[in-house]
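A short write-up of the structure that comes next.
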Amino acid sequence: MLDFLISPLRKLGHTSINAIWRLGYASRFLISILMYSGQSLMRFSLVIREVYFAGVLSLIIIIVSGLFVGMVLGLQGYNTLARFGSSDALGALVALSLLRELGPVLAALLFASRSGSAMTAEIGLMKTTEQLDAMSVMAVNPVARVVAPRFWAGVISMPVLAALFNVMGIFGGYLVGVVMIGLDAGTYWSQMNNAVDLHFDVVNGLIKSLVFGIAVTLIAVFEGYDATPTAAGVSSATTRTVVTSALVILALDFVLTAFMF
Amino acid sequence: MPSDFFIELRNVSFAYDRRLILKNINLRIPRGQLVAIMGGSGSGKTTLLRLISGQFRPQQGEVLVDGKDVAKMGHAELFAHRRRMGMLFQFGALFTDLSVFDNVAFPLREHTDLPESMIRDLVLMKLNAVGLFGTQELMPAELSGGMARRVALARAIALDPALMLYDEPFTGLDPISLGVIALLIKKLNDALGTSAIMVTHDVHKSLDIVDHVYFVANGEVIAEGTPEQVRAAASPWVQQFVRGEADGPVHFAYPANRGLTDDLGVEGGGHA
């Protein structure tokens, strides 16, 4: 009887302690990445190579998604604004929605799914096949050689990808609003120009995407490095990267929005 | 004056969490010799290598490499120790995103300031030494298991190490590849004059090439000697291992609390 009551409590305690322990471990891991970043940044070709894998190869999904999100915003925004006779404000609505929220958040979610999962799987497989051990035995620090370049590549790529997402979204809104529906192009751009503030909207949006980039890439490299070195371990680490990243992005977005706007 | 032994393990004990893997191990590897550590799976052989390479630290005892205790080394000293060491992993552990050339060049590029032309010459020499000149443009995925192991060997000797560690170098190889790897290990050891430890459970091929053998079981050294002494050893455990017998001091069946007959409820059932 007593065990029936104690067992769930014990499980809860164990889960909580484990979660706190992992949080502490991830923090120490971030410190270690920062400590060894000097070596990585001095050999910038390593970072550039990872920018190609994490950033350049994500261009297609970012461009296509940005375009379609902008087109949907154009359609939905026009329908709603037209009810109140303010369809001229479509340019402002599309731009503000993208710059403040949708661009940074959706680009980060896509980045986590495409590049974050790939980073986790790659590092996890390197661990499983003893490549990280081999590096360490060759007196090469795997955090400096493998983890830090990927971390900085993610941090650099994320704001650029979010900016590109915004540009494509605004272009998608233009295609629907101006080319398809027939709004005046001058009105679309001038409304946008009047509504958008460089610091308040554009820079804050980019700061958001930078924070998301740090969070997503840290989660991705940490989960890969900490993965259980088996096929099932790498698989569950990859899943954890996508799920944790999505939750952290949304939670951080709320906090940042509350402070910024 | 340097000791005659390049590696000495003195009263070393090591546990993963609460599971004791090595119990009070004493082991000595003379300079320039190739020594095999044999034992069944899970006997703690690979853990010994990881203690020597400094990947693990023992809970008790000293792991002396060239007179210095690896367990007491700081980060910089440990990395300096590893630069004098080469390790061949069980399945090669080649970097899958790098070509054969770049894999072998990796330690040279990381630890030396040699010009690229000299690195190229050294890499091709190492590949030639393992009989794989001409494969430099291939990727690891294009290599057979035996070839991958030889490339990994070329990478391990890239910096002409003073100490070589071989972790199950014969696992999963066909007889020809196994013979080639064994021959290369012996030839390279003789040519470079390195001290070497080979963890293996391939008895017959190992006894042909090594100078000395340690047998490890249940975390303890239970026998040692030259290949001739091992072949003639009276120990039932060593004889079972050398002859590959299914039952003996090491039981075939897992020591379960109940036997299958007990489980099925059959009369007269005994424990395994």
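Those protein sequences? They're chains A and B, same order as listed.
Remember, my numbering sits 9 above the position in the first sequence when you count from 1.
Remember, my numbering sits 92 above the position in the second sequence when you count from 1.
Each residue gets a CB set at the ideal place from its N, CA and C atoms; glycine is no exception.
Source: prediction; values computed, not measured.
Quiz item: Shorter than 7 Å from the beta carbon of B:Phe187 to some beta carbon of chain A?
Solution: yes
Quiz prompt | the region 203-217 of chain A / the region 127-134 of chain A touching (three or more Cβ pairs under 8 Å) | solution = Put simply, the region 203-217 of chain A does not touch the region 127-134 of chain A. Fewer than three CB pairs are less than 8 Å apart.
Practice problem: Taking only beta-carbon positions, decide if B:Gly362 is within less than 7 Å of chain A. | Solution: Confidence at B:Gly362 is low in this model, with a pLDDT of 46, below 50, so its placement is unreliable and no value can be given for it.
Self-check item: Nearest-angstrom Cα separation, counted from B:Phe181 out to B:Val58
Solution: Not covered by the structure: residue 58 of chain B. The range shown for chain B is 93 to 364.
Quiz item: Based on the DSSP secondary-structure assignment, which residues constitute the bridge partners of B:His167?
Solution: DSSP lists no partner for B:His167.
Quiz item: B:Ser145 CB to nearest chain A CB: under 7 Å?
Solution: yes
Quiz item: Are B:Ala240 and B:Pro232 closer than 7 Å when you measure CB to CB?
Solution: yes
Quiz prompt | C-alpha distance - A:Leu207 paired with A:Lys217, whole-angstrom precision | solution = 14 Å
Self-check item: Other residues of its chain near B:Thr138: CB distance less than 7 Å, five sequence neighbours each side excluded
Solution: Asp259, Val291
Exercise. Return the residues of the region 145-177 of chain A that lie within a Cβ-Cβ distance of less than 9 Å from chain B, sorted by chain order.
Key: Ser145, Val146, Met147, Ala148, Val149, Asn150, Arg154
Exercise. State the Cα-Cα distance for the pair B:Thr188 and A:Ala267, rounded to the nearest angstrom.
Key: The C-alpha of B:Thr188 lies about 45 Å from the C-alpha of A:Ala267.
Quiz prompt | Same chain, Cβ closer than 6 Å to B:Val192, five either side skipped, listed in chain order | solution = These residues qualify, in order along the chain: Thr227, Gln228, Leu230, Val243.
Exercise. Could you name the residues of chain A that B:Met256 contacts, counting a contact when the two beta carbons are closer than 7 Å?
Key: Simply none; closest approach about 11 Å.
Quiz item: Alpha carbon to alpha carbon, how far is B:Leu216 from A:Leu141?
Solution: 25 Å
Quiz item: What are the boundary residues of the alpha helix (DSSP H) that A:Thr129 is part of?
Solution: 126-137
Quiz item: Do three or more CB pairs link the region 218-235 of chain A to the region 31-44 of chain A at distances below 8 Å?
Solution: yes
Quiz item: Going along the chain, which residues of its own chain have a beta-carbon closer than 7 Å to the beta-carbon of A:Val332, five neighbours each way excluded?
Solution: Residue 332 of chain A lies beyond the residue range present for chain A, which begins at 10 and ends at 270; the question has no answer from this structure.
Practice problem: Return helix, strand or coil for B:Pro253, following the three-state DSSP convention. | Solution: coil
Quiz prompt | Contact list for A:Ala63 against chain B, beta-carbon separation under 8 Å | solution = None at all; the shortest Cβ gap to chain B is about 14 Å.
Self-check item: Proximity of B:Val196 and B:Ala254 at Cβ, strictly below 7 Å
Solution: no
Self-check item: Selected residue, minimal CA-CA separation from B:Pro341, among B:Ile314, B:His304, B:Ala248, B:Ile211
Solution: B:Ile314
Quiz item: From A:Leu105, A:Gly75, A:Ile72, A:Thr24, pick the residue whose C-alpha is nearest to that of A:Tyr197; which is it?
Solution: Taking the Cα of A:Tyr197 as reference, the smallest distance to any Cα among A:Leu105, A:Gly75, A:Ile72, A:Thr24 is reached at A:Leu105.
Quiz item: Cβ atoms of B:Val162 and B:Ile289: under 7 Å apart, would you say?
Solution: no
Quiz item: For A:Ala101 versus A:Gln200, is the C-beta spacing smaller than 7 Å?
Solution: Judged by their CB atoms, A:Ala101 and A:Gln200 are nearer to each other than the 7 Å cut-off.
Quiz item: Exposed or buried, what is B:Gly134 when buried is set at 16 or more other beta-carbons lying within 10 Å of its beta-carbon?
Solution: Burial check for B:Gly134: the Cβ neighbour count within 10 Å stays below 16, so the residue is exposed.
Quiz item: How about B:Arg175 and A:Ala171: are their beta carbons less than 7 Å apart?
Solution: In this structure, the beta-carbon distance from B:Arg175 to A:Ala171 does not fall below 7 Å.
Self-check item: Touch test, the region 110-123 of chain B against the region 94-102 of chain B, Cβ-Cβ under 8 Å, three pairs minimum
Solution: At 8 Å Cβ cutoff, the stretches touch.
Exercise. Find out if the Cβ-Cβ distance for the pair A:Asn175, A:Leu107 is shorter than 7 Å.
Key: yes
Practice problem: Please compile the residues from chain A whose C-beta is within a distance smaller than 7 Å of the C-beta of B:Phe171. | Solution: Simply Ala148.
Quiz item: Does DSSP put B:Gly362 in a helix, a strand or coil?
Solution: Bear in mind that a pLDDT of 46 at B:Gly362, under 50, signals an unreliable position, so the number given afterwards is only what the model happens to contain. Coil at B:Gly362, not helix or strand.
Quiz item: For B:Asn103 versus B:Gly159, is the C-beta spacing smaller than 7 Å?
Solution: no
Practice problem: Just the C-alpha distance for A:Trp161 and A:Val56, rounded to the nearest angstrom, thanks. | Solution: 7 Å
Quiz prompt | Whole-angstrom distance between B:Asp252 and B:Arg212, CA atom to CA atom | solution = 16 Å
Exercise. Within 10 angstroms of the Cβ of B:Arg335, are there 16 or more other Cβ atoms? Answer buried if so, exposed if not.
Key: exposed
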